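Reading through the structure tokens given below for one structure.
Numbering (mature numbering (1 follows the signal peptide of the UniProt record, and there is no 0)), first residue to last: -25 to -1, 1 to 865.
This is the structure:
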């Protein structure tokens, strides 16, 4: 390229941090078509100035841009602003901090050709905030956070202060006086920080004022616990402390409770004590304040309660008196706990009575609360003879019709002199006689005699009714066999065929005759054994074959006693022996051919009434007398139950049977039957007492009731009624075994085996109470309860011994944090005193409260013991003296 002569003019401008060039107008023509070369600094860091801005000239971004002929200069602009003009510089501010800003650099030659390049600009703020703390200050303790007193620092930053905080380094005592070194820190928006330090001195310039709570009187239904400070409204609750800033205040109180005070029923003297530990010295008067607050409960309302219903008490089964416990009033409502309940009247005073004869008695209940307010009610107690007489029948009679075709049987011929009643003497008992009563019949017949006719031939079930002076009736069943020995009912009895008689007698393995046994001949003819156990079939055609069988229908459980159960149990245990094969056969209750525990279980279930259907299989078995057991110790051998006559050629008088009653090992089924028509062994039933310690049971609690027996008995069956108790189980103490069954109707049948020893604990009954009730009121014994001493029957009566009170005090938990429970038992209602001392021997608590017969509880809140530590206590009453140590934990 050919250059021409030209005149060039350059203007150089030097500004701060950079330069720019540009060409003057070209006055000569030139040919330069090539654009300059633009060279940029790739990365440029820019720091803002104190005013938050920065001006950067174009030369800062130029790293040697040039032109081949004539280079005019550079200009610059920010990208992202497409319409912005290029200029000598660009500006940045706080908004650009932390971002990458792209800048375009324009290179220009003298011919007006241009070229561009780009730089990445990082904008930074390297300046820390300006921070000036307030001067040192001296202020009151509570003013350390009051900016009006301690001041705040001045903070400034070019791009703004983001956060201003302080951290205190305290050198103060427990009362709040001392020094605080407060370090302030200012942080700008981009993390630059500055700090300064201020010193603050704290002092106390306001003495406290203590305003104690005023006296308090309530007429509401409330308790002493309800008057605890946390339950009272302001200003009666606690002392009010004013100007408490540089103090260390402790507040406590001590209560003295007085009942039956003259102007109120309950008065509490509450001594408040306030201590400032910053100024108080032990034994001094500075820094301590005290005052006594009086709180009163003025209750004029008597207790409200539900009076028990009138009481109807039956006499016992064995005596004409009653033993019972008066029911307690229920739903007792009163302002204060511990309402005292008493009862008095025609029976005397108290709640437990024994030996009360038949009659009507008025009793009055009086309820008195701690404020001596009383309320009362009256009930009527009626003791009546509700026990029917126990009739004793002659076991089977035979009646022969007279020539007129009838005969009469009187009640006195059936009653053998052994019937008895608990209240009515024998000579005053009334007798009636009738046929077997229908279902549900309770009314006796109108007459004391029965007339039999030909319509009554054979066996008839009749009932002997016995009544007492109170109108109670009981009956026993027996049989009357009506015979026509003179042929008045069937006059046409002639026959020319040769005849013979078949006869015999039926007895048990002890030799006792068994009357009223049905003897059948070839399952056609039937005869009943008489009172002597004899039977006879007359006019039997000779030459025929005959089979004689016997059967007897009575109560399957008749004669089954605990004596039989003991006999089998002792045999299996090897304690006793059973030598008679007939007794072994009777002991095989389940007819398995062997004796084992299954026989004991089955017989025991029958005694308990657990499975009544089992008793249906306990009938009589009749074995021909002529049968000889091959081994007296074996039961497995089968035995015949019929006598066979191949050919009757003459009178057969040896049709004898030995009867056994399954389960009746001792043969008691026939022990009442004598060998004469009119004579029976007159056995009187003795009575033994079942004694249980009386105590008051609480709902939901389980108890172990020790049961003792007043006589040496070998076993027995109790039928207990207990609607307010749940019987859980029973465990033998000194008897051999105890069996228990609880029925769905709330009753329980209990059977025991073995002699416990007179007055010794026999077994333990486990129960759970459904409501608050004394044992003597919760348990009753039915008249069907029986016991045995060998083969002798005993009636049973339920008695209750006085509770043995355990006055041992239980304190739990100890140590404690919140509430301490003291539990103790009292034999009678009496006032109880609780006194507590601290480790220095100073009395810190004295309280009184009424105590009641039985178990009592005293709840002691932790706040009543001032501060945590070791204390000593004494619990005392007329019958109780107990002291010990307790620990309150923080």
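C-beta atoms are modelled at their ideal positions from N, C-alpha and C, and glycine is treated no differently.
Bear in mind that the values here come from a model prediction, so they are computed numbers and not experimental data.
Among the bridge pairs identified by DSSP, residue 863 is matched with 791, 844. The DSSP-derived three-state label of residue 203 is coil.
Non-local beta-carbon contacts of residue 108 in its own chain, meaning distances under 7 Å to residues more than five positions away in sequence, involve 128, 159, 171, 172, 173 in chain order. Under the DSSP definition of a beta bridge, residue 423 lacks any partner. If only complete runs of 4 or more residues are kept, the stretch 92 to 140 shows the alpha helix (DSSP H) at 122 to 125, in order along the chain.
With three or more CB-CB distances shorter than 8 Å, the stretch 407 to 418 counts as touching the stretch 434 to 446. DSSP places residue 750 within a helical segment (H, G or I) once states are collapsed to three. Nearest to residue 722 by C-alpha distance, out of 712, 742, 707, 730, is 742. Exclusion of the five residues before and after residue 635 leaves 557, 560, 561, 596 as the residues of its chain whose Cβ lies within less than 6 Å of its Cβ. The beta carbons of residue 710 and residue 728 sit about 6 Å from each other, so the pair counts as a contact at 8 Å.
In the three-state reduction of the DSSP assignment, residue 148 falls in the coil class, being assigned neither a helical nor a strand state. Nearest neighbour of residue 361 by Cα position, chosen from 396, 806, 95, 541, turns out to be 396. The beta-carbon separation of residue 549 and residue 666, rounded to 33 Å, does not stay under the 8 Å limit for a contact.
Sequence-distant partners of residue 544 (beyond 5 residues in either direction) whose C-beta falls short of 7 Å from its own C-beta, in its chain, are 575, 728.
Per DSSP, the continuous beta strand (DSSP E) segment holding residue 482 begins and ends at 474 to 483. Taking a cut-off of 8 Å for Cβ pairs, the stretch 180 to 191 and the stretch 138 to 148 do not touch, as fewer than three such pairs fall below it.
According to the DSSP assignment, residue 559 belongs to the alpha helix (DSSP H) that extends over 556 to 562. A Cβ-Cβ separation of about 6 Å places residue 453 in contact with residue 370 under the 8 Å criterion. In this model, residue 393 and residue 402 are separated by some 11 Å (Cα to Cα). Setting aside the 5 residues that flank it on each side, residue 420 is surrounded in the same chain by 407, 409, each with a C-beta closer than 6 Å to its C-beta; the list follows chain order. Judged by DSSP in its simplified three-state form, residue 820 adopts strand. Counting along the chain, residue 291 sits inside no alpha helix (DSSP H), nor does DSSP assign it H or E at all. Look at the beta carbons and you see the stretch 241 to 251 touching the stretch 217 to 233: at least three pairs across the two are nearer than 8 Å. The beta carbons of residue 50 and residue 33 sit about 6 Å from each other, so the pair counts as a contact at 8 Å.
For residue 389, the enclosing alpha helix (DSSP H) begins and ends at 386 to 389.
DSSP places residue 433 inside the beta strand (DSSP E), whose first and last residues are 433 to 442. Across the structure, residue 791 and residue 227 are spaced so that their CA atoms are roughly 19 Å apart.
With 16 or more other Cβ atoms inside 10 Å of its own Cβ, residue 863 counts as buried. According to the DSSP assignment, residue 186 belongs to the beta strand (DSSP E) that extends over 184 to 186. Within the stretch 3 to 45, complete beta strand (DSSP E) segments of at least 3 residues are found at 18 to 22, 28 to 32, given in chain order. Selection 293, 18, 678 evaluated against residue 664 yields 293 as nearest (Cα-Cα). Rounded to the nearest angstrom, the gap between the Cα atoms of residue 694 and residue 755 is 9 Å. Counting of Cβ neighbours within 10 angstroms places residue 730 among the buried residues, the total reaching 16 or more. Under the 8 Å Cβ criterion, the stretch 60 to 71 counts as touching the stretch 31 to 45, having at least three qualifying pairs. In this structure residue 570 is in contact with residue 546, their Cβ atoms being roughly 7 Å apart against a cut-off of 8 Å.
A distance below 8 Å separates the beta carbons of residue 285 and residue 354.
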